[in-house]
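J.:
Protein chains: 4
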Amino acid sequence: MEFAFDARTEELRAQLLTFMDEAVYPAEQTFHDQLDALENPWAWSTVPVLAELRAAARSRGLWNLFLPGEHGAGLTNLQYAPLAEITGRSGIAPAAINCSAPDTGNMEVLSMFGSEMQRKEWLDPLLAGEIRSSFAMTEPDVASSDATNISTRIERDGDDYVLNGRKWWITGALNPDAAVFIVMGKSDPEAARHRQQSMILVPRDTPGLTIKRGMEVFGYDDREKGGHAELELADVRVPAANLIGQEGDGFAIAQARLGPGRIHHCMRVVGVAERALELMCARAAQREAFGKKLSEQGVIRDWIAEARVRIEQLRLLTLKAAWLMDTAGNKGAHTEIQAIKIAAPQTVEWIVDKAIQVHGAGGLSQDFPLAKLFASIRTLRFADGPDEVHKNALARNELRRQAERHG
Amino acid sequence: MEFAFDARTEELRAQLLTFMDEAVYPAEQTFHDQLDALENPWAWSTVPVLAELRAAARSRGLWNLFLPGEHGAGLTNLQYAPLAEITGRSGIAPAAINCSAPDTGNMEVLSMFGSEMQRKEWLDPLLAGEIRSSFAMTEPDVASSDATNISTRIERDGDDYVLNGRKWWITGALNPDAAVFIVMGKSDPEAARHRQQSMILVPRDTPGLTIKRGMEVFGYDDREKGGHAELELADVRVPAANLIGQEGDGFAIAQARLGPGRIHHCMRVVGVAERALELMCARAAQREAFGKKLSEQGVIRDWIAEARVRIEQLRLLTLKAAWLMDTAGNKGAHTEIQAIKIAAPQTVEWIVDKAIQVHGAGGLSQDFPLAKLFASIRTLRFADGPDEVHKNALARNELRRQAERHG
Amino acid sequence: MEFAFDARTEELRAQLLTFMDEAVYPAEQTFHDQLDALENPWAWSTVPVLAELRAAARSRGLWNLFLPGEHGAGLTNLQYAPLAEITGRSGIAPAAINCSAPDTGNMEVLSMFGSEMQRKEWLDPLLAGEIRSSFAMTEPDVASSDATNISTRIERDGDDYVLNGRKWWITGALNPDAAVFIVMGKSDPEAARHRQQSMILVPRDTPGLTIKRGMEVFGYDDREKGGHAELELADVRVPAANLIGQEGDGFAIAQARLGPGRIHHCMRVVGVAERALELMCARAAQREAFGKKLSEQGVIRDWIAEARVRIEQLRLLTLKAAWLMDTAGNKGAHTEIQAIKIAAPQTVEWIVDKAIQVHGAGGLSQDFPLAKLFASIRTLRFADGPDEVHKNALARNELRRQAERHG
Amino acid sequence: MEFAFDARTEELRAQLLTFMDEAVYPAEQTFHDQLDALENPWAWSTVPVLAELRAAARSRGLWNLFLPGEHGAGLTNLQYAPLAEITGRSGIAPAAINCSAPDTGNMEVLSMFGSEMQRKEWLDPLLAGEIRSSFAMTEPDVASSDATNISTRIERDGDDYVLNGRKWWITGALNPDAAVFIVMGKSDPEAARHRQQSMILVPRDTPGLTIKRGMEVFGYDDREKGGHAELELADVRVPAANLIGQEGDGFAIAQARLGPGRIHHCMRVVGVAERALELMCARAAQREAFGKKLSEQGVIRDWIAEARVRIEQLRLLTLKAAWLMDTAGNKGAHTEIQAIKIAAPQTVEWIVDKAIQVHGAGGLSQDFPLAKLFASIRTLRFADGPDEVHKNALARNELRRQAERHG
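Protein chains in written order, with the UniProt record's numbering: chain R, 1 to 407; chain L, 1 to 407; chain E, 1 to 407; chain B, 1 to 407.
(1) Identify which residue in L:G158, L:A191 and L:A179 has its Cα closest to the Cα of P239 (chain L).
(2) Under a CB-based cut-off of 9 Å, is Q346 (chain E) close to chain B?
(3) Return the CA-CA distance between A4 (chain E) and M1 (chain L), expressed in angstroms with no decimal places.
(4) Applying the criterion that 16 or more other CB atoms from any shown protein chain within 10 Å of the CB defines a buried residue, is residue 439 (chain L) buried or exposed?
(5) Counting pairs of Cβ atoms below 8 Å between the region 107-117 of chain L and the region 152-169 of chain L, do you hit three or more?
(6) Let me see if you follow: with CB-CB separation under 9 Å, is D157 (chain B) close to chain R or not?
(7) Closest Cβ-Cβ distance between N396 (chain R) and chain E: below 9 Å?
(8) Give the single residue among L:G185, L:E336 and L:R405 whose Cα lies nearest to the Cα of A147 (chain L).
(9) Would you say Q297 (chain E) lies against chain R (beta-carbon separation less than 9 Å)?
(10) Taking a cut of 7 Å between CB atoms, which residues from the region 284-309 of chain L lie near chain B?
(11) Who are the near neighbours of I340 (chain E) in its chain, counting only those whose CB is closer than 8 Å to its CB and skipping five residues on each side?
(12) Roughly how many angstroms separate the alpha carbons of G252 (chain E) and H194 (chain E), rounded to a whole number?
(13) Thinking just about the alpha-carbon of each residue, which of R:A191, R:P260 and R:W303 is nearest to the one in M325 (chain R)?
(14) Measure the C-alpha to C-alpha separation of residue 478 (chain R) and G360 (chain R) and round it to an integer number of angstroms.
(15) Would you report the Cα separation of E247 (chain R) and A289 (chain L), rounded to the nearest angstrom?
(16) Quick one: any contact between the region 8-22 of chain E and the region 392-402 of chain R, if contact means 3 or more CB pairs under 8 Å?
(17) Output needed in chain order: residues of the region 260-277 of chain E with a Cβ under 7 Å from some Cβ in chain B.
(18) Check the Cβ of R378 (chain R) against every Cβ in chain L and list those closer than 7 Å, keeping chain order.
(19) Can you list, in chain order, the stretches of the alpha helix (DSSP H) that have 4 or more residues and sit fully within the region 233-302 of chain E?
(20) Using a 10 Å radius around the Cβ and a threshold of 16 neighbouring Cβ atoms, would you call K120 (chain B) buried or exposed?
(21) My guess is that F181 (chain B) and V202 (chain B) are in contact by the Cβ rule of under 8 Å, so how many angstroms apart are they, rounded?
(22) Quick check on this structure: which residue in E:L127, E:G91 and E:T46 has the alpha carbon closest to the alpha carbon of G72 (chain E)?
(23) Determine whether the beta carbon atoms of G271 (chain E) and I86 (chain E) lie at a separation below 9 Å.
(24) What residues from chain C crowd round R400 (chain R), counting only those whose CB sits closer than 9 Å?
(25) Just to check my reading of the structure: V162 (chain L) and D235 (chain L) have Cβ atoms closer than 8 Å, yes? What is that Cβ distance to the nearest angstrom?
(26) Mind checking whether S134 (chain R) and A178 (chain R) have CB atoms under 9 Å apart?
(27) Which residue or residues does DSSP assign as beta-bridge partners of Y220 (chain R)?
(28) For D221 (chain B), which residues in chain R fall below 9 Å Cβ to Cβ?
(29) DSSP puts N164 (chain L) in a beta bridge; with which residues?
(30) Closest Cβ-Cβ distance between T18 (chain L) and chain E: below 9 Å?
(31) Specify, as a first and last residue, the run of the beta strand (DSSP E) that L201 (chain B) falls within.
(32) From R58 (chain B) to I97 (chain B), what does the alpha carbon distance come to, in whole angstroms?
(33) Any chance you could list the beta strand (DSSP E) runs of at least 3 consecutive residues sitting entirely within the region 63-89 of chain E, in chain order?
(34) Return the CA-CA distance between G165 (chain B) and Q196 (chain B), expressed in angstroms with no decimal places.
(35) Report the rounded CA-to-CA distance for I200 (chain L) versus E130 (chain L), giving the unit in angstroms.
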């Protein structure tokens, strides 16, 4: 057992921290100003300062760090995790180093399961940061916690597949740069429960694919990540070669995508928590009320201490889950991955809430990033199904393990 | 001791509930559609369906119910409280019956402390619902929990007063119908601590008064209540006759305004909690996951039970505070008023959060009122100072009382 | 609506408060010393100072206050509730005025359902405080939340009934003065679900009735209330005339006993909470750490404020439940009675825990009453079934009511 | 970074787990029966089955595992931590392998700071398990969170030191086998704040040392660990050679003792949490209510999942603190050691409380170990000062670190 990062990780952490200080933080306000000035408000990937950041990141070798294997930086989950945490500290950092969701997951899928042609057409420009993509799985009126509930149809028709259905909360889809969507749907409702689904690539301009509207989160349209679209798929026809893997592979691909996705996500929200705690401390140290600095008031110190204690625990759990994925695979890390999915939102939401409280009403406004962070963290309690579903499953496994052990 | 409402209250409750069912709920969507279609997005009071509602309310005798004494409906706090709860169930109900903040508090101030001229010029049109008003007390960079911190200056200059300062979170001020602002400022920094402040009437079009921007809450601009403005007062000159009461009365007037304000507010949020619980139950009864209705799942039942238990307690505490104000005055009700200020936000925020969770990700979006309600409840933890300040004060009083009792 | 107590209540409150100050509090330590010196450690009712207190209470007219109707003081639930709260402040007060459980509930049962002979034999000496009694319902290995689970048998045999079964947590039974037990059992397993049970009077010395042991709560044997016994009933034979009411009435009698019982209990724990808060404030005001009184430290003030806010709400809810029982009957008050059963333990446990924390490690020891209070409050989360069962039932009713209202 | 235990640790874990299964668990009931049958109820170390266990442990090489360096097993903190966790699962396991507090800390002190003579006289028999010891630091009426508050005097008088003062919560002291006490006191009230204290060895039979009484915790006298004594030191005279280290070293020695002590303690309570979760799962899997196993009820599954998620995080944080102590020393691990002191009690108390709730009222009684575990965990919120003090200190450090970083 050893809690120090390895040399490669430390080196990349140092480079990334420098990049954050020199380039990312100074660009944050500019990014938002330029975003607000865009003609198409959803086209966040065209913001000039972001292009500069991306060029700088690439030249520094900080690019596609998330992607294991030959197509990316080749890091393990455990090596990438602390880097993801650092990028979580700034809303624009993940995109600056081409490591922002949902492109990351989509690149992983194409890297692992894409045909050569698919990789050439979509993976290469994604790796180069020339296009964006979306991942269309969640559906309205269906408990998204259960992938087998998917009702969108993918039906073979000659050399094509024809898609019909509705999707929502499709992040990034309102950005015109999102050139391709990976759509999950049912190809065979009669097959075994986890072999009914397939995934298929749908180019943005395919007839029948309509972006109906953007979903808001607490009043935010999340334009800085291309919003969350509701989509209609009406007789959308794509070549059979667009299918990823084989018919019926959809569920397995989704599972493969999920593990690293959660690690990245949870590590980024550890970064969110650190940023919130930093803001909380800075504010508390500067603000006075009733003749005493907030930082000297017991209740606020209690929050700061609790925040630190909780962050340390959450980070370790996430790192351990990453290590398990690397050493025991997705299945071996199953409980730990569920555990971080449960622990991360509740931990970080609490911290951001307290950071807001220390800022006074301004903490809820556009003058600080905190309310926005709260909103984005709040959505995690629904990510791939509400926490309650994950807790229920984790408990079922715990009960089974205990029964086996003590039988 | 008697927990039934009196006959007058029951009669008005029945009328108001009928009005809600027949007129208010059916108009909610129309209001929002018409609001979105306005040329000036802040001019919520010009929305056609609202005018209809207000005419209907007036003809039904449901008008100015909040105002005791000769100028209003003449109800006690205890009589009005359950009516305020009912209006809290719909975002448009308070305005429909001319009982929406900050107009209510302003009318109370003018009714109690305004000169005959002031009442004629501002109170009468407010009572008639012809104009709106704002209340400008909170300042940036100053702990608003302490009214003595106010830094805006009100200086006598001949027959005028000249105002200089900055205000923010001035609700309603972006609405062009907000014809007059009651501004709190310092008229004599050398006077005793609670005699330094004065309140003065500033018509909207007074030179030097600039509306700089709207503050957002989470991502909401709260246009349906005229937003929350940041104001600049630069050599704003108004006649001396605009002063409310005497120089130095500002703090006392603010205190007088506060008591009933909190009762109304807390009762309205009890209504919010009831609406959230209603939505939670309806959703739970309709939605299935993993082959079972949400309403049959233990965790969700636990939330529903907790919600009911907490609502009942919060309502009773608020009603008791209202009764105490009526029977023992503001001072006699001081602890209870503080207590509801502390209890209401934490209770109702918890309930709305759980209602959201039962709705899935949609619960955070524009498709349901819940995220908006959460945002508005969240601001209450800062209303007239953060909860922590109120808890500290309440505890100090408790310690004093205990020390007196036990020597 | 009216939150002041009526004149009769105020008069009795004043008398009772005087009695507490003059007689009860000064006797607390003596009671415990004399209890420790008893030959039979369970015979709490023979402690000399208690006899003095009881004589004094009787002469002051503070006797059997709990009992409505002709046999007792004739108070309503709403009138008795605030008196019960006062007695909750001292562990010896309820017994001092002959209002301690389980005798109270047993007297109510005999008063309402007992035959003339049963009343003469058992109610009269109980009212006079000459004997004690126990109530034997809970059974090991059976979810006591569901009275229909009872497995003890009551079988008719000629002119007798014969009882067989096991009971536990039978409070008071280890006291040799507990002259009679009301035993709940199944008389007809074939009858309708709520007509299978009967209640019957079993004198202490009946052959076949064995007291096996005392159950402990944490490390306390609760000798000051006669402990909590485990009983064995092996062919216990009593005359048929000992049956209370008719065969099959057991469930209905238990329900009738429960309502007032909860009101009394919850009001007493409001008194516990007040005493804990009082101790917390006193300690905080006296103790210094790091150069500052505990009472000046933010976290402790936060606890004090929360405690006050929660107590006020809990008391009002309990009083309202009492009022509802008086005006709408047990059934009409069903939800409120469930609500106080849920709210009281969680509220008061939290307060006692914080009071302990303010006292340091000593707070857990025999030097203060707090750990003992915590233990007794903790048991309430199981009283007549765990809280989770009550929450589940309350939620089911809430869902039904909401469904009816909104169709 | 590497989350697997090293080979030495895995080997010892396997041996220890076998020992637990084969010897420790089967002896638990016997230990308690034999303890109850002792003539001197405090002499737990004379219980026959314990002697057998200790002989067996020693022969298996499971002895003094806690002690680094030449005198003990020579393990690092990180190696010992997972073994301590295992022993935490049974109340008799630590003593079975001679790793129970306060002997462990005392042996560490003697090992590091004792003179050759002191080690010969006291360390050797302690290592051999022939005697027991106590550690007398905490004092009544003084905030024990601040070692500089100590009021017991240690005064030089010729070749002796003379001690006067009062101590309480001196664990183990009621056991007549506790042959020696390490007493902390003030040797020079005029010295610098952290040089005023000394530690000195006081043999049990020294005249003037009186054991006044045992402190109870929730009604438990904790006889199975020799209770918690209140001591009086009245002109207790010991040779100057009994001083540990130099005059003024007391504070530094206490700090050195504290770090590993917390690691051991927190790891043992992780074991407590695991045992509680195990009992909770077993009970839930076996018990039915309302026609459904408890293990299938949502609320209980929620508790089980939360318990697992919290345990994993707590364990990792404790292991990291152990690793930091090994690699960066006590000072380098300061924040993490504080963090586990804060996190462990709140985490484990919550889990034990829920385990109790799943067991019904029996869970509070002598029929299960849970109430006892709750009581012992509850004391940890006061161990070396209440949690609030530790949170305050941790927050102060966090604020300082943040200020340094962001200047």
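Don't be surprised by glycine CBs; every beta carbon is placed ideally from N, CA and C. Predicted model, so just to flag it, every value in this text is computed and none were measured.
T.: Let's see:
(1) L:G158
(2) False, the Cβ-Cβ gap to chain B never drops below 9 Å.
(3) 5 Å
(4) Beyond the ends of chain L as shown, which are 1 and 407, falls residue 439 (chain L); an answer cannot be given.
(5) As far as the Cβ criterion goes, the region 107-117 of chain L does not touch the region 152-169 of chain L, which means the pair count is below three.
(6) no
(7) With the sequence shown as reference, residue 396 (chain R) is identified as Arg, and Asn is not the correct amino acid for it. It does not: the Cβ of R396 (chain R) has no partner Cβ on chain E nearer than 9 Å.
(8) L:G185
(9) yes
(10) Q297, G298, V299 and D302
(11) Closer than 8 Å at Cβ, skipping near neighbours: R262, I263, C266, L314, L317, T318 and A321.
(12) Reading the sequence as shown, one finds Ala at residue 252 (chain E) and not Gly. If you take the alpha carbons of A252 (chain E) and H194 (chain E), they lie about 8 Å apart.
(13) R:P260
(14) Because chain R spans 1 through 407 in this model, residue 478 (chain R) falls outside it and cannot be assessed.
(15) 26 Å
(16) Verdict: no, contact absent.
(17) none
(18) L364
(19) 250-286
(20) exposed
(21) 5 Å
(22) Ranked by Cα distance from G72 (chain E), the options E:L127, E:G91 and E:T46 are led by E:L127.
(23) yes
(24) Considering every chain present, this structure includes no chain C. Its protein chains are R, L, E and B.
(25) 6 Å
(26) yes
(27) Paired residue(s): R:V217.
(28) Within chain R, no residue comes near D221 (chain B); the closest Cβ sits about 31 Å away, beyond 9 Å.
(29) L:R153
(30) no
(31) Q197 to P203
(32) Approximately 7 Å, taken between the alpha carbons.
(33) With a minimum length of 3 residues, no continuous beta strand (DSSP E) run stays inside the region 63-89 of chain E.
(34) Taking the straight line from one Cα to the other gives about 15 Å.
(35) 21 Å
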